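> So the protein lines, in turn, are chains C and G. Note that UniProt numbering numbers the first sequence so that position 76 is 76, with each residue one more than the last. Note that UniProt numbering numbers the second sequence so that position 33 is 33, with each residue one more than the last. Using N, Cα and C, we set each Cβ at its ideal position, and we do this for glycine too. Here the structure is a predicted model, which is why all the values come from computation and not from measurement. Let me begin by handing over the structure; questions about it come next.
Number of protein chains: 2
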Amino acid sequence: MREVFHQSLEDVQSRLVEISELVTTAIEKATTAFGTSDVTLAEEVIDADAIIDEKAIELDELAIEILARQSPVARDLRVVVSALRISASLERMGDIAEHIAQLTRMRFPERAIPKGLKSTFTQMGQLDVEVARKLTELLRTQDLEIAEELRNTDDKIDDLHVSVFEKVLSDSWQGETAATVDATLASRYHERFADHAVSISKKVAYLATGDWTTDSDDTFVAHGVTSTS
Amino acid sequence: MREVFHQSLEDVQSRLVEISELVTTAIEKATTAFGTSDVTLAEEVIDADAIIDEKAIELDELAIEILARQSPVARDLRVVVSALRISASLERMGDIAEHIAQLTRMRFPERAIPKGLKSTFTQMGQLDVEVARKLTELLRTQDLEIAEELRNTDDKIDDLHVSVFEKVLSDSWQGETAATVDATLASRYHERFADHAVSISKKVAYLATGDWTTDSDDTFVAHGVTSTS
Chain C
1 MREVFHQSLE DVQSRLVEIS ELVTTAIEKA TTAFGTSDVT LAEEVIDADA
51 IIDEKAIELD ELAIEILARQ SPVARDLRVV VSALRISASL ERMGDIAEHI
101 AQLTRMRFPE RAIPKGLKST FTQMGQLDVE VARKLTELLR TQDLEIAEEL
151 RNTDDKIDDL HVSVFEKVLS DSWQGETAAT VDATLASRYH ERFADHAVSI
201 SKKVAYLATG DWTTDSDDTF VAHGVTSTS
Chain G
1 MREVFHQSLE DVQSRLVEIS ELVTTAIEKA TTAFGTSDVT LAEEVIDADA
51 IIDEKAIELD ELAIEILARQ SPVARDLRVV VSALRISASL ERMGDIAEHI
101 AQLTRMRFPE RAIPKGLKST FTQMGQLDVE VARKLTELLR TQDLEIAEEL
151 RNTDDKIDDL HVSVFEKVLS DSWQGETAAT VDATLASRYH ERFADHAVSI
201 SKKVAYLATG DWTTDSDDTF VAHGVTSTS
């Protein structure tokens with residue numbers, strides 16, 4: 001009985017890693033498609049999001065079944081409860097990758113990245129991919145040092161997010177209104193993607209420490225202040 | 001023992017209602033502050049968000065304690081698992097109300113609502129408040145007809161969200177870049193607030209039906225297409 005149970009817990013963990021890998025592929029493709037206006041690649045991301053959603057539901061069902069049948073306590077209970085929360089965040093990360101792909105498709109055959117922001121969004125995209133890879137590694141190993149690295153990468157993304165607003169609000173910005181809207185939404189998506197990863201990393205830390213935190217990793221960027229300072 | 005248990009479940013439900021009431025107050029104040037450039041009111045919302053976060057953590061701790069001590073099954077288990085998920089969404093709704101307040105504070109003493117969008121954002125604000133009130137009622141009564149009403153209100157908010165982009169991307173738009181950024185972010189916040197309520201309403205439906213869904217209520221708005229059609 002205990003063996004079956006630990007088999008189930010391992011199954012939960014390996015499914016989280018699997019979903020995180022799918023999310024990593026999604027953000028890799030989405031940011032590449034965004035950077036190269038590759039609408040075929042964008043479509044792939046959009047189509048594949050349903051798989052992430054399905055895997056997340058399956059994982060939730062498994063977690064609830066474990067709660068019902070095995071009545072875990074202590075650390076085992078924390079593993080299962082965390083899995084429920086982590087799957088919700090992974091699913092949101094998949095949605096955000098999809099949104100970046102949708103921006104690409106919407107602008108096609110025009111470029112989705114507004115002029116003057118190519119290098120910024122290339123960096124943000126690469127950092128989002130880095131975040132997704134680190135997250136997968138963290139879920140695989142539970143190594144909290146990776147959580148720390150992940151937060152550092154998130155800080156870099158936040159800085160780039162601020163720099164998008166600085167650029168857009170500077171005198172040199174010559175983008176049309178549509179470019180301003182695109183830059184605003186795309187930057188927000190890239191930033192939120194990483195926020196969710198940080199939020200997951202805190203849930204992994206909870207497994208180690210028992211300290212619960214909320215999802216409040218969404219720092220407000222005072223985008224209007226930087227331009228006038 | 002069973003009596004103590006049902007007491008706990010009622011406690012879970014009444015805490016969800018309490019947090020939803022706090023979120024309702026937050027969005028009422030935030031949208032009012034946004035519409036009237038009332039920075040004092042905005043500060044109140046920003047300060048009060050910590051209380052929502054705290055209440056959400058307390059509720060999660062209670063839910064986890066119930067799982068550990070009572071090992072609920074069947075519907076009782078669904079109540080507890082749903083509560084964990086609903087508290088996460090309520091907490092996010094509080095964050096979004098805070099973001100609307102932060103936009104207000106950032107622009108003060110200027111108006112946060114860009115010219116030409118006053119009536120649109122007034123309507124969106126009122127509908128967000130309506131959504132929050134319906135959500136509280138839904139959590140109190142579990143009446144799924146309210147869930148249906150809530151989705152209808154969300155549809156109206158989605159339409160207004162699209163209309164913001166139509167306005168901003170029309171030839172008549174004379175807003176500066178900062179106004180475009182503000183309109184984009186503010187509209188996205190108002191829309192996401194309602195999305196989370198819809199997502200919660202599905203979790204309440206799960207209590208009745210046992211059908212689990214994911215959080216994918218975030219429809220991508222093709223903001224670039226509408227302007228050229």
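Looking only at C-alpha atoms, which of G:LEU169, G:GLU191, G:ARG192, G:VAL4 sits nearest to C:VAL181?
Per the Cα distances, G:LEU169.
> Might you give, ordered along the chain, the residues of its own chain that have their beta carbon closer than 7 angstroms to the beta carbon of G:GLU91, omitting 5 neighbours on each side?
The answer, listed in chain order, is ILE52, ASP53, ALA56.
> Considering only the beta carbon of each residue, do G:ASP128 and G:HIS190 sit closer than 8 angstroms?
In contact: G:ASP128 and G:HIS190 (Cβ atoms closer than 8 angstroms).
> With a threshold of 6 angstroms on Cβ separation, who are the neighbours of C:SER89 within its own chain once the five nearest residues in sequence on each side are excluded?
Excluding sequence neighbours, C:SER89 sits near HIS196, SER199, ILE200.
> Is the shortest distance between the beta-carbon of C:VAL81 and the beta-carbons of chain G less than 8 angstroms?
True, the Cβ-Cβ gap to chain G drops below 8 angstroms.
> According to the Cβ coordinates, are C:THR24 and C:ALA132 closer than 8 angstroms?
Yes.
> Less than 8 angstroms between C-beta atoms, sequence neighbours within five positions excluded: which residues of the same chain meet that for G:VAL225?
Its pLDDT being 45, under 50, G:VAL225 is placed unreliably by the model, and the measurement read from it follows with that caveat. Around G:VAL225: no qualifying Cβ.
> Could you please tell me which residues of the stretch 152–174 of chain C, in chain order, have their CB closer than 8 angstroms to any CB of chain G?
Under the 8 angstroms Cβ criterion, the stretch 152–174 of chain C contributes PHE165, VAL168, LEU169, TRP173.
> What in chain C is Cβ-close to G:VAL73, meaning under 7 angstroms?
Per Cβ cutoff of 7 angstroms: ALA68.
> Look at the alpha carbon of G:VAL80 and the alpha carbon of G:VAL204, and state the distance between them as a whole number of angstroms.
Near 11 angstroms, if we compare the C-alpha coordinates of G:VAL204 and G:VAL80.
> When the Cβ atoms of the stretch 63–81 of chain C are set against those of the stretch 69–79 of chain G, are three or more pairs found closer than 8 angstroms?
As far as the Cβ criterion goes, the stretch 63–81 of chain C touches the stretch 69–79 of chain G, which means the pair count is three or higher.
> By the 7 angstroms beta-carbon criterion, what residues does the UniProt domain "PhoU" (17–103) of chain C contribute toward chain G?
Cβ contacts with chain G: ASP53, ALA56, ILE57, ASP60, GLU61, ILE64, LEU67, ALA68, SER71, VAL73, LEU77, VAL81, LEU84, ARG85, ALA88, GLU91, ARG92, ASP95, HIS99, GLN102.
> Put G:GLY125 into one of helix, strand or coil per three-state DSSP.
Looking at G:GLY125 - three-state DSSP - the assignment turns out to be helix.
> Mind pulling the alpha helix (DSSP H) runs of 4 or more residues that sit fully within the UniProt domain "PhoU" (17–103) of chain G?
As far as the UniProt domain "PhoU" (17–103) of chain G is concerned, its whole alpha helix (DSSP H) runs of at least 4 residues are 39–70.
> Quick test of your reading: C:VAL39 and C:PHE108, contact by CB under 8 angstroms. State the CB separation rounded to the nearest angstrom.
Right, the Cβ-Cβ distance comes to about 4 angstroms (below 8 angstroms), so this counts as a contact.
> Quick check on C:VAL181 - is its C-beta less than 8 angstroms from some C-beta in chain G?
Chain G contact via Cβ: present.
> When you compare the stretch 142–150 of chain G with the stretch 140–154 of chain C, are there three or more beta-carbon pairs, one atom per stretch, that lie closer than 8 angstroms?
Contact between the stretch 142–150 of chain G and the stretch 140–154 of chain C is absent, because fewer than three Cβ pairs lie under 8 angstroms.
> Alpha carbons only, please: which of G:GLU10, G:PHE34, G:SER87 is nearest the one belonging to G:LEU185?
Ranking the options by Cα distance to G:LEU185, first place goes to G:PHE34.
> Go ahead and label C:ALA30 buried or exposed: buried means 16 or more other beta carbons lie within 10 angstroms of its beta carbon, across all protein chains shown.
Under this definition C:ALA30 is a buried residue.
> Is the stretch 95–108 of chain G close to the stretch 4–19 of chain G, with three or more CB pairs under 8 angstroms?
No: the two stretches stay apart, fewer than three of their Cβ pairs being nearer than 8 angstroms.
> Determine the direct distance from the alpha carbon of G:LEU84 to that of G:ILE64, and round the result to whole angstroms.
Between G:ILE64 and G:LEU84, the C-alpha separation is close to 8 angstroms.
> Taking 8 angstroms as the limit between beta carbons, can you name the residues of its chain near G:GLU21, skipping five residues before and five after?
Counting only Cβ-Cβ distances below 8 angstroms, and skipping sequence neighbours, we find THR136.
> In chain order, what residues of the same chain lie with their CB nearer than 7 angstroms to the CB of C:ILE96, ignoring the 5 residues before and after it?
For C:ILE96, where only same-chain residues beyond five positions count, the Cβ hits under 7 angstroms are TYR189, ARG192, PHE193.
> If we call anything under 8 angstroms between Cβ atoms a contact, is C:LEU16 one with C:LEU139?
Yes, Cβ-Cβ distance for C:LEU16 and C:LEU139 is below 8 angstroms.
> Out of C:GLU44, C:SER82, C:GLU110, C:TYR206, state which residue places its alpha-carbon closest to the alpha-carbon of C:ASP60.
When each option's Cα is compared against that of C:ASP60, the closest is C:SER82.
> Please classify G:GLU3: is it buried, with 16 or more other beta-carbons within 10 angstroms of its beta-carbon, or exposed?
Its Cβ having fewer than 16 others within 10 Å, G:GLU3 is exposed.
> Please report the residue range of the alpha helix (DSSP H) in which C:LYS202 lies.
Looking at the DSSP string, the run of the alpha helix (DSSP H) that includes C:LYS202 is 177–209.
> Ordered along the chain, which non-local residues of its own chain (more than five positions away) have a Cβ less than 8 angstroms from that of G:GLY116?
Hits under 8 angstroms: LYS167, SER172, TRP173, GLN174, GLY175.
> So, is the C-beta of G:THR6 closer than 8 angstroms to a C-beta in chain C?
For clarity, residue 6 of chain G is His in the given sequence; the question names Thr instead. Judged by the 8 angstroms Cβ criterion, G:HIS6 is not in contact with chain C.
> Could you give the DSSP three-state label for C:ASP171: helix, strand or coil?
Coil.
> At a CB distance below 8 angstroms, what residues from the stretch 117–150 of chain G approach chain C? Give them in sequence order.
So nothing in the stretch comes that close.
> If the cut is a Cβ gap below 8 angstroms, which residues of chain C does G:VAL193 touch?
The identity of residue 193 of chain G in the sequence shown is Phe, whereas the question assumes Val. Ordered by position in chain C, no residue passes the 8 angstroms Cβ test against G:PHE193, which lies about 13 angstroms from the chain.
> Mind checking whether G:ILE19 and G:SER87 have CB atoms under 8 angstroms apart?
Result yes, Cβ atoms of G:ILE19 and G:SER87 sit closer than 8 angstroms.
> Quick one: measure Cβ to Cβ for G:GLU43 and G:ARG105, integer angstroms, because I've assumed they're closer than 8 angstroms.
Right, the Cβ-Cβ distance comes to about 7 angstroms (below 8 angstroms), so this counts as a contact.
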